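**Q** Protein chains in written order, with our numbering: chain F, 951 to 1383; chain X, 36 to 493.
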Amino acid sequence: MTAAGADLTLRHPVERFTLDNGLRVVLAPDRSVPVVAVSVFYDVGMRSEPQGRTGFAHLFEHVMFQGSAHVPKMEHARLVQAAGGTFNGSTHQDYTNYFEALPAEALERALFLEADRMASPAITEENLRNQIDVVKEEIRVNVLNRPYGAFPWLQLPEVAFESFANTHDGYGSFVDLESSTVDDAQDFFDRYYAPANAVLCLGGDLDVAETEALVRRWFDAVPHRAAPPTPYTGEASPTGPRHAVVVDDLAPAPAVAIGWRVPDPVGDLETYLGTVLLSELLSEGDASRLELRLVHQDHLAVAQASYVGLFGDPFDVRDATLLTTQVHHPADVTPERVLAAVHEEVEKVAQDGVPAEELTRVQARTSAQLLRGADSVLGRTLGFASAELVHGRAELSGELAARLAAVTPEAVQQAARGLTRDSAAVLELRTRS
Amino acid sequence: MSAPVLDLSLVPPLGDPRPQPVPEVHLSTLPSGLRLAVVPRPGVPLVELRLRIPFAAPSARAAAVHVARTSVLTGAVLLGTKAHDQVQVAQLLQAEGAELSVSADPDRLLLGTTMLPAGLPAVLGVLAELLVRPTYPTDQVAAERARVTERIGIARSQPGVVARTALATRRYGQHPYAVQMPEPGLVEQVTPAALRTLHRQRVLPAGSTLVLVGDLDPAAAADAVAAALGDWVGEGTGVEAGPLPTVGPQPLQLVDRPGAVQSNIRLGGPAPGRLDPELPAVRLANMVYGGYFSSRLVENIRERRGYTYSPRSAVDHLGAGSSFLVDADVATGVTGPALLETTYELGRIALLPVTDAELEGARRYVLGTMALATATHAGLASTLSALIGHGLPPEWLAEHQAALATVTLDEVSAAARRWLHPAGLTTVVVGDASEVEDQLRALGPVETVPSTTPGSPA
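1) Are the region 447 to 463 of chain X and the region 281 to 300 of chain X touching, with three or more C-beta to C-beta distances below 8 Å?
2) Grouping DSSP H, G and I as helix and E and B as strand, with all else coil, what is ILE1208(F)?
3) At what residues does the beta strand (DSSP E) containing GLN288(X) begin and finish?
4) So who's on the other strand from PRO75(X), going by DSSP bridges?
5) Consult DSSP for ASP1155(F) and reduce its assignment to one of helix, strand or coil.
6) Going by DSSP, which residues form a beta bridge with VAL323(X)?
7) Closer than 6 Å to a non-hydrogen atom of the ligand MG - does that hold for the CB of LEU233(X)?
8) When you compare only the Cα positions, how much space is there between GLY955(F) and GLN1313(F)?
9) Where do the N-terminal and C-terminal ends of the beta strand (DSSP E) with ASN299(X) fall, by residue?
10) For ILE300(X), go through chain F and note every residue whose CB falls closer than 9 Å to its CB, in chain order.
11) Excluding sequence positions up to five away, which residues of its chain have a Cβ less than 7 Å from the Cβ of ALA366(X)?
12) What's the call for PHE1261(F), buried or exposed, on a 16-neighbour Cβ count within 10 Å?
13) How long is the line joining the alpha carbons of VAL1288(F) and VAL82(X), rounded to whole angstroms?
14) Run through the region 1012 to 1051 of chain F for me and flag every whole alpha helix (DSSP H) of 4 or more residues, listed as ranges in chain order.
15) Is the number of C-beta pairs between the region 213 to 233 of chain X and the region 117 to 128 of chain X that are closer than 8 Å three or more?
16) Please classify THR968(F) as buried or exposed, where buried requires at least 16 neighbouring CB atoms within 10 angstroms.
17) Taking 7 Å as the limit between beta carbons, can you name the residues of its chain near LEU221(X), skipping five residues before and five after?
18) Cα separation between PHE1114(F) and ASN1077(F)?
19) What does GLU446(X) pair with, by DSSP beta-bridge criteria?
20) Rounding to the nearest angstrom, what Cα-Cα distance links ARG1141(F) and PHE1124(F) in this structure?
21) Who are ASP362(X)'s beta bridge partners in DSSP?
22) At the 7 Å Cβ level, is GLN1363(F) part of the contact set with chain X, yes or no?
23) So within the region 964 to 1021 of chain F, which uninterrupted beta strand (DSSP E) runs reach at least 3 residues, ignoring any that extend past its ends?
24) Within 7 Å (strictly less), CB to CB, does SER1229(F) reach chain X?
25) Only counting runs of 3 or more residues, tell me where the beta strand (DSSP E) segments fall wholly within the region 83 to 148 of chain X, in order along the chain.
26) In the DSSP output, which residue or residues are listed as bridge partners for SER63(X)?
27) Is there a C-beta anywhere in chain F that falls below 7 Å from the one on LEU239(X)?
28) Could you check the C-alpha separation between ALA1146(F) and ALA1171(F) for me, to the nearest Å?
29) Taking a contact to mean a Cβ-Cβ separation below 7 Å, would you say LEU162(X) touches GLU131(X) in this structure?
30) Quick one: grab the DSSP three-state call for ALA1374(F).
31) Touching or not, the region 1269 to 1277 of chain F and the region 1191 to 1210 of chain F, by the rule of three or more beta carbon pairs under 8 Å?
32) Quick one: does ARG1211(F) have its CB under 7 Å from some CB of chain X?
33) Give the DSSP-derived three-state secondary structure of GLY160(X) in the structure shown.
34) With H, G and I counted as helix, E and B as strand and the rest as coil, what does DSSP make of THR462(X)?
35) Grouping DSSP H, G and I as helix and E and B as strand, with all else coil, what is GLU1345(F)?
36) Indicate whether at least one CB of chain F lies closer than 7 Å to the CB of GLN474(X).
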């Protein structure tokens, strides 16, 4: 069977309403398993940070777990986990999210917790200092104490973009983190954590009318504040190639990353879908073009990957963003050989197009992976929430597999024509020795 | 603002739990000895496949070579069959939305993939070719060998990997489980002939388990398996790992990693297995200690002291024995204090009572997350593959949940006393010895060894 022959649209109904304080609410009921997911997405991310406050969106995410007006420190975690649920939060380029997956009977408890911290998180000196220490350890684990820790997500944007929003280190410098104050945190909260700047998305085993009443019971009391304007993060297209080298003291072998600017993910979604499939065609799996060429045919690489969006989710980012190809290669292979092979493969697609049979296979694999991510109530709910926040339409998340299955070979060829040598940003990672 | 106090009258009470769906597991055994579990379930239009093949090293002496050969075989088995070359194999799978991942651990090989539902016969057909008629072509095996060697170099530069392998070596001594990372020198000697022999001797249906979960008809799926895998036969049955040695007390081992900005603290010791009636109590003691965010360890060394980002403890099961493990990656300057608090909390749970609220929180969390973990095709397939592969019936899940529900405070304390006491654990720290050795010596004897890691900072 081909992807085109399968029914790829997720047919979960989506209900939405807006509270008087501006909070947008999306409900995606599915009563097949007794699980609910609760998520709050705030329209503030790494790209919203002002100069001198790098890493603040992520630091503030940590502060949001330190308790709130009616919830002491540690009790947020206890109340969720002792109900049999899990929780987390994450900071992205364009949003910060908080979410729980719980047994259905714990729905109202999660609404209470999210409403309490939306109204009044515990922004105190003690909590801020403690979480600055924790965040520094997080950065040491994930970046400073491991090879390839910043590669390429913290290093490539500096090469590929111009504006502070797009180039700065979203994990933050230790100098900026350590100089953060309670006043900074309170200002950040007042400005960005308004209900009118957020989406509350609930999925799973819930009754729509009952849930709407529960949402109003807990969130109506959060006072209205004006939402800040959405920051403009677009940039003019690059006018020439850019190149940089970093040395990684811990890395045993070199690597190289190439970033190309791609169409506006929101304003030009139709064209962008061609780019997303191009990335899958190039790099996803053992049958992909770059895996065959770099790893198996020419033995230029140990591993390769391509993805659209800084963290690999093409549908939760605004403009400007990249298609990134990253390659780990042996020391006796020069980066020039790797780059030449990558460009040749992209140019083949640009010049010769893509056989329909190959694209159908790629679409089948892409659809299966999208469906797999949507099998858990939490995965599906987060997809609806980010689609509502970034694209203004939660339903898009359920339609993506079908939309991608309808992309034509010509659209993929067109996307490849945008990935030129002249517009590529290249980052070489070299070893110390 | 003043510190809030939890007013429980404000917190919405939990409603009545709704019944958990019980998976409908259709078990059968093929004439070849392959066990099959098929589970139809609502959800997305996909099928998940897991094939688990027992693959333990036959002896301690053979372990290093076995691990090296296995590390190449996991990639090389996909390099072609008598009917299709590597590219064709990959394309046939891709057309059904599938891609086989092949991985190994000290007990087994695991082949897994997702697929669009109508692709089941085709995917099983490719799987059968790979199992029965793999080619291990000479040139491609050589290239795969080189890639494995490069990847070992990259893995060994990760401090977490260094810590895990050091702890395994320390805990398992002469047992095959001590070898968790292949030696590049042995990998370079792996020949196609050796892979073919290993495949013939060890990739066997008897003792193996195939699990299919998702959008499928059980009878049709079983027929498709019988039709596709009927030719997969072989002499003998899978090898399971032998019993673990008893390891006596050993001083803390410090693996020197000059220049490291963090220390990786690892503690490990034995734990009850899946059939041991003490397992439910140990799982709950583990949760209270460090098994989740609402635990004593996280509250102490993360939320109170800011020493670390993600401290955790876990109960982990391998075929020959289970483990209680503690992990914390901490700032270099507080390595001694962090180990002190970690050990203090172990001593405290081993000697002093756990509270009722701690036990009830841990219990609901374990039961709730077990339900979440089996609420997807992929989660249920992986869980069943591990259970059935270890010879347990699918009903074990429900029985274990029932046992967790009745564990008492006294049982948790007794389990903690026996399995979590710090004197019974082996400790390894990976870090900059010039900075941390003195701190650690304040707490007890330390045996410092150089890191053999290529790529450590000079």
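Glycine residues also receive a C-beta, built at the ideal position from the N, C-alpha and C atoms. In this text the structure is predicted, and so the values were computed from the model without any measurement.
**A** Here's the rundown:
1) yes
2) Here residue 1208(F) is taken as the residue at index 258 of the first sequence, counted from 1. Here ILE1208(F) sits in strand by DSSP.
3) Against the second sequence, residue 288(X) aligns to sequence position 253. That run of the beta strand (DSSP E) goes 287 to 291.
4) Locating residue 75(X) in the second sequence gives position 40, where the first residue counts as 1. PRO75(X) pairs with GLY249(X).
5) Counting from one through the first sequence, the residue named residue 1155(F) turns up at place 205. In this structure, ASP1155(F) counts as coil in the three-state DSSP scheme.
6) In the second sequence, the residue the question calls residue 323(X) occupies position 288. None, per the DSSP bridge assignment.
7) Within the structure as shown, the ligand MG is missing, as the structure has no ligands at all.
8) For the purposes of this step, residue 955(F) is taken as the residue at position 5 of the first sequence. For the purposes of this step, residue 1313(F) is taken as the residue at position 363 of the first sequence. Here the model assigns GLY955(F) a pLDDT of 43, short of 50, so the residue's position is not dependable, and the following value carries that caveat. Taking the straight line joining both Cα atoms gives about 11 Å.
9) Along the second sequence, read from residue 1 onward, the residue named residue 299(X) stands at position 264. ASN299(X) -> beta strand (DSSP E) spans 297 to 306.
10) Taking the second sequence and counting its residues from 1, the one referred to as residue 300(X) is at position 265. Those within 9 Å of ILE300(X) in chain F number zero; the least Cβ separation is about 12 Å.
11) Reading the second sequence from its first residue, position 331 is the one you call residue 366(X). Same-chain partners within the cutoff: GLN297 and TYR342.
12) For this step, residue 1261(F) is matched to residue 311 along the first sequence. That one is exposed.
13) Here residue 1288(F) refers to the residue found at position 338 when the first sequence is read from its first residue. Here residue 82(X) refers to the residue found at position 47 when the second sequence is read from its first residue. Cα to Cα, VAL1288(F) sits roughly 37 Å from VAL82(X).
14) 1025 to 1031
15) no
16) Numbered from 1 along the first sequence, position 18 holds the residue referred to as residue 968(F). THR968(F) comes out exposed.
17) Here the question's residue 221(X) lines up with position 186 in the second sequence. Only ALA99, VAL100 and ALA103 meet the Cβ criterion.
18) On the first sequence, residue 1114(F) is found 164 positions in, with the first residue counted as 1. On the first sequence, residue 1077(F) is found 127 positions in, with the first residue counted as 1. Each residue's Cα considered, the two are about 28 Å apart.
19) Counting from 1 along the second sequence, the entry for residue 446(X) is found at position 411. DSSP output for GLU446(X) lists no bridge partner at all.
20) Position 191 of the first sequence, counted from the first residue, corresponds to residue 1141(F). Position 174 of the first sequence, counted from the first residue, corresponds to residue 1124(F). Cα to Cα, the separation comes out at about 24 Å.
21) Position 327 of the second sequence, counting from 1, holds the residue named residue 362(X). Bridge partners of ASP362(X): ARG301(X) and ARG347(X).
22) In the first sequence, counting from the first residue as 1, residue 1363(F) sits at position 413. No, GLN1363(F) does not count as interfacial toward chain X.
23) 965 to 968, 974 to 979 and 985 to 992
24) As a working mapping, residue 1229(F) is identified with position 279 in the first sequence. Not an interface residue.
25) 136 to 139
26) Reading the second sequence from its first residue, position 28 is the one you call residue 63(X). In the DSSP output, where bridge partners are listed per residue, SER63(X) has LEU71(X).
27) Within the second sequence, numbered from 1, the residue matching residue 239(X) stands at position 204. Judged by the 7 Å Cβ criterion, LEU239(X) is not in contact with chain F.
28) For the purposes of this step, residue 1146(F) is identified with residue 196 of the first sequence, where counting begins at 1. For the purposes of this step, residue 1171(F) is identified with residue 221 of the first sequence, where counting begins at 1. Their Cα atoms are separated by approximately 13 Å.
29) The residue you call residue 162(X) lines up with position 127 of the second sequence. The residue you call residue 131(X) lines up with position 96 of the second sequence. No, these two residues do not count as a Cβ contact at 7 Å.
30) As a first step, residue 1374(F) must be located in the first sequence, where it is residue number 424. If DSSP states are grouped into helix, strand and coil, ALA1374(F) belongs with coil.
31) yes
32) The sequence position of residue 1211(F) within the first sequence is 261, counting from 1. Taking Cβ atoms only, chain X never reaches closer than 7 Å to ARG1211(F), which makes this a no.
33) Counting from one through the second sequence, the residue named residue 160(X) turns up at place 125. In the structure shown, GLY160(X) sits in a helix (DSSP, three-state: H, G or I).
34) To locate residue 462(X), count along the second sequence from 1; it is residue 427. Note: THR462(X) maps to strand in three-state DSSP.
35) Here residue 1345(F) is taken as the residue at index 395 of the first sequence, counted from 1. Looking at GLU1345(F) - three-state DSSP - the assignment turns out to be helix.
36) Along the second sequence, read from residue 1 onward, the residue named residue 474(X) stands at position 439. Not one chain F Cβ lies under 7 Å of GLN474(X).
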